[in-house]
Amino acid sequence: MRSMKAGEILLLLADDAGVAVDIPAWCISTSNEFLGLLKEPRMYRVYVRKL
Amino acid sequence: MTEKIRALGLLSGGLDSTLSARILQEQDIDVLGLHFSTGFCVADRHRLIGNTNNPDKPYRNEALRAGADLRVPVELIDIKDEYLPKVLLNPKYGYGQGMNPCIDCRIFMLQKAKEIMEDRGYHFVFTGEVLGQRPMSQRRQPMDNVTSNSGLAGYLLRPLSAKLLPTTIPEERGWVDREKLYGISGRSRKVQMELAEKLGVVDYPQPAGGCCFLPDENYARKLRDFLTFRGTDVTHDDMMMLKVGRHFRLSDDVKVIVGRDESENNYLERFKQGRGQVWIDEFPSPLTLIEGQASAQDLELACSITARYSDGRAHDSVPVKWRIDDNEGQLRVAPVDDEVLEEMRILVGPMFTAAPVPKISRHCNRMWRSMRGGPSAPSR
Numbered sequence: 004m005r006s007m008k009a010g011e012i013l014l015l016l017a018d019d020a021g022v023a024v025d026i027p028a029w030c031i032s033t034s035n036e037f038l039g040l041l042k043e044p045r046m047y048r049v050y051v052r053k054l
Numbered sequence: 129m130t131e132k133i134r135a136l137g138l139l140s141g142g143l144d145s146t147l148s149a150r151i152l153q154e155q156d157i158d159v160l161g162l163h164f165s166t167g168f169c170v171a172d173r174h175r176l177i178g179n180t181n182n183p184d185k186p187y188r189n190e191a192l193r194a195g196a197d198l199r200v201p202v203e204l205i206d207i208k209d210e211y212l213p214k215v216l217l218n219p220k221y222g223y224g225q226g227m228n229p230c231i232d233c234r235i236f237m238l239q240k241a242k243e244i245m246e247d248r249g250y251h252f253v254f255t256g257e258v259l260g261q262r263p264m265s266q267r268r269q270p271m272d273n274v275t276s277n278s279g280l281a282g283y284l285l286r287p288l289s290a291k292l293l294p295t296t297i298p299e300e301r302g303w304v305d306r307e308k309l310y311g312i313s314g315r316s317r318k319v320q321m322e323l324a325e326k327l328g329v330v331d332y333p334q335p336a337g338g339c340c341f342l343p344d345e346n347y348a349r350k351l352r353d354f355l356t357f358r359g360t361d362v363t364h365d366d367m368m369m370l371k372v373g374r375h376f377r378l379s380d381d382v383k384v385i386v387g388r389d390e391s392e393n394n395y396l397e398r399f400k401q402g403r404g405q406v407w408i409d410e411f412p413s414p415l416t417l418i419e420g421q422a423s424a425q426d427l428e429l430a431c432s433i434t435a436r437y438s439d440g441r442a443h444d445s446v447p448v449k450w451r452i453d454d455n456e457g458q459l460r461v462a463p464v465d466d467e468v469l470e471e472m473r474i475l476v477g478p479m480f481t482a483a484p485v486p487k488i489s490r491h492c493n494r495m496w497r498s499m500r501g502g503p504s505a506p507s508r
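Protein chains in written order, with our numbering: chain S, 4 to 54; chain R, 129 to 508.
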């Protein structure tokens, strides 16, 4: 995230169901924007916009 | 323009560290939370196993949750690789009730915090430690020890117990108002809970005896067994495997891990690579993983143990499937006797002898003969 510019979007791939609660929390604490999460059979795709 | 004071602190997300961050926010200090991952966090196991009671409600990271509640950024720092050799295997200040090197652990984390403080220009470091709360690391002498060995002498503030401790540089320089800090001591959380209500901290985990596996006696015995038989060339996966299942040592070189329920079987599934697998198709059964180069005897024993923990345990014999590398097959075995089983369980024996745990191949061979109807094992 540190190397990203404001407005760029991060795609995070994870196999830990905890991302569904942790990433939104992290976005609040760091003032970034949680765009959403897609649940696939064995993976989660999480989208975060750097603000 | 007045310089904004910036502090960073160790934030577990528990009540004490959350309150400490909140107390500093009340004094208009910018706070950053650091959350170190040692590889021995109970929460990591919970997260991998999942919430079996409510699969739609995954376990949360309490530090991140606290950061969101307080609007405090939190950085998760992975220290697993350094933690094993530098802290766990060589603790200068020894272990607590299990294999918990609490004082060395604290020093290590605070040394890391000091590096970040200096690199990024923070003014001081804080923790949620409370004098007298924990028997090993939160007494006055160990706390002084931690302060001086971390290199943070004067720059380590404990807001909850500050009034019972020497004045720190942040207080002397007026960065922090000592009068607005607290003098809490002891194991009771009553004062902290009242303070939480006053400061609007409403969501925090109930105190439950810590968040680390290392003080746990059962975990410590499994870890000690691992270090005795496998040496100190330890991987993170090895450590994760110690957190689940029933562990049995079949010989000096071979150990089996038996899942205790479906969620543990799912957890063990992640670690099948490079390990033998044993299971039963005919009955609900555990997944058993074999570590080490299993002989034919070991494999048969692993099958018998798996049968013992399956729903076919009352049968005279059970067909058990196995796979090791590219080989697989089926053995029909009798479920192992409980008496024999208990001899192999990695929970027996003294934990903290000066000498290493004795190697047991001869002992297991005696058990093997006993199982197969040979001469009974001599009493120990």
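We put the beta carbon where it would ideally sit given N, CA and C, even for glycine.
Source: prediction; values computed, not measured.
### Completely contained beta strand (DSSP E) runs for the stretch 370-397 of chain R, where each covers 3 or more residues
374-377, 383-386
### Query
What are the complete beta strand (DSSP E) segments, minimum 3 residues, inside the stretch 202-230 of chain R?
202-206
#### Entry: Span of the beta strand (DSSP E) around Phe252 of chain R
252-254
#### Entry: DSSP three-state assignment for Asn273 of chain R, whether helix, strand or coil
helix
### Query
Looking only at its own chain, which residues have a Cβ that is under 6 Å from the Cβ of Asn277 of chain R, when we skip the five neighbours before and after it?
Ile235
### Limits of the unbroken alpha helix (DSSP H) element including Asp466 of chain R
In this chain, the alpha helix (DSSP H) harbouring Asp466 of chain R covers 466-472.
### Query
Counting only beta-carbon atoms, is Ile12 of chain S nearer than 7 Å to chain R?
For Ile12 of chain S, the answer is no, since every Cβ of chain R falls outside 7 Å of its Cβ.
### Query
Mind pulling the chain S residues with CB within less than 8 Å of Arg173 of chain R?
None at all; the shortest Cβ gap to chain S is about 12 Å.
### With 16 other Cβ atoms within 10 Å as the buried cut-off, status of Arg473 of chain R
Exposed is the call here.
### Task
Look up Asn346 of chain R in the DSSP assignment and say whether it is helix, strand or coil.
helix
#### Entry: Neighbour flag for Ala241 of chain R against chain S, beta carbons, 7 Å
no
### Task
Kindly list, in the order they appear in chain R, the residues whose Cβ is closer than 7 Å to that of Ala20 of chain S.
Here the neighbours are Gly178, Pro186.
### Query
Quick one: is Ala424 of chain R buried, meaning 16 or more other Cβ sit within 10 Å of its Cβ, or exposed?
Exposed: under 16 other Cβ atoms inside 10 Å.
### Task
Determine the closest residue to Ala462 of chain R out of R:Glu456, R:Ala422, R:Ile408, with distance taken between C-alpha atoms.
R:Ile408
### Query
What are the boundary residues of the beta strand (DSSP E) that includes Trp407 of chain R?
Counting along the chain, the beta strand (DSSP E) containing Trp407 of chain R begins and ends at 404-407.
### Task
Give me the Cβ distance between Phe252 of chain R and Ile297 of chain R, rounded to the nearest whole Å; I'm assuming they're in contact under 8 Å.
7 Å
### Query
Along chain R, which residues have their Cβ under 9 Å away from the Cβ of Val24 of chain S?
Lys185, Pro186, Tyr187, Arg188, Asn189, Leu192, Arg193
### Message
Do Ser313 of chain R and Leu292 of chain R have their beta-carbon atoms positioned less than 7 Å apart in this structure?
### Response
With a cutoff of 7 Å on beta-carbon distance, Leu292 of chain R and Ser313 of chain R are scored as near each other.
### Task
Can you grab the Cα-Cα spacing for the pair Gly302 of chain R / Ala241 of chain R, in whole Å?
22 Å
### Message
Could you give the first and the last residue of the continuous alpha helix (DSSP H) run that contains Val170 of chain R?
### Response
170-177
### Message
Check whether the stretch 135-155 of chain R and the stretch 34-41 of chain S are in contact - that is, three or more C-beta pairs closer than 8 Å.
### Response
no
### Query
Using a Cβ-Cβ distance under 7 Å, would Leu147 of chain R count as near chain S?
no
#### Entry: Rounded C-alpha distance that separates Gly282 of chain R from Thr275 of chain R
8 Å
### Task
Please list the partners that Arg248 of chain R has in chain S, where partner means a Cβ-to-Cβ separation under 8 Å.
None at all; the shortest Cβ gap to chain S is about 12 Å.
#### Entry: Whole-Å CB distance - Lys208 of chain R paired with Ser165 of chain R, under 8 Å assumed
7 Å
### Query
What did DSSP end up calling Leu13 of chain S once you bin it into helix, strand or coil?
strand
### Task
Run down chain S in chain order and give the residues with a C-beta less than 9 Å from the C-beta of Arg199 of chain R.
The answer, in chain order, is Ile31, Ser32, Ser34.
### Task
If I'm right that Leu143 of chain R touches Ala324 of chain R with Cβ under 8 Å, what's the distance once you round it to whole angstroms?
Distance from Leu143 of chain R to Ala324 of chain R at the Cβ level is roughly 6 Å; contact confirmed, criterion being Cβ atoms closer than 8 Å.
### Task
Tell me, please, whether the CB atom of Ala28 of chain S is closer than 7 Å to any CB atom in chain R?
yes
### Message
Can you find the residues in the same chain that come closer than 8 Å, C-beta to C-beta, to Ile12 of chain S, ignoring five residues on each side of it along the sequence?
### Response
Leu38, Tyr50, Val51, Arg52, Lys53
### Query
Do the CB positions of Leu280 of chain R and Leu238 of chain R come within less than 7 Å of each other?
yes
#### Entry: For Lys42 of chain S, the first and last residue of its enclosing alpha helix (DSSP H)
Premise fails: Lys42 of chain S lies in the beta strand (DSSP E), 36-43, not in any alpha helix (DSSP H).
### Query
Any C-beta of chain R sitting closer than 7 Å to the C-beta of Leu15 of chain S?
no
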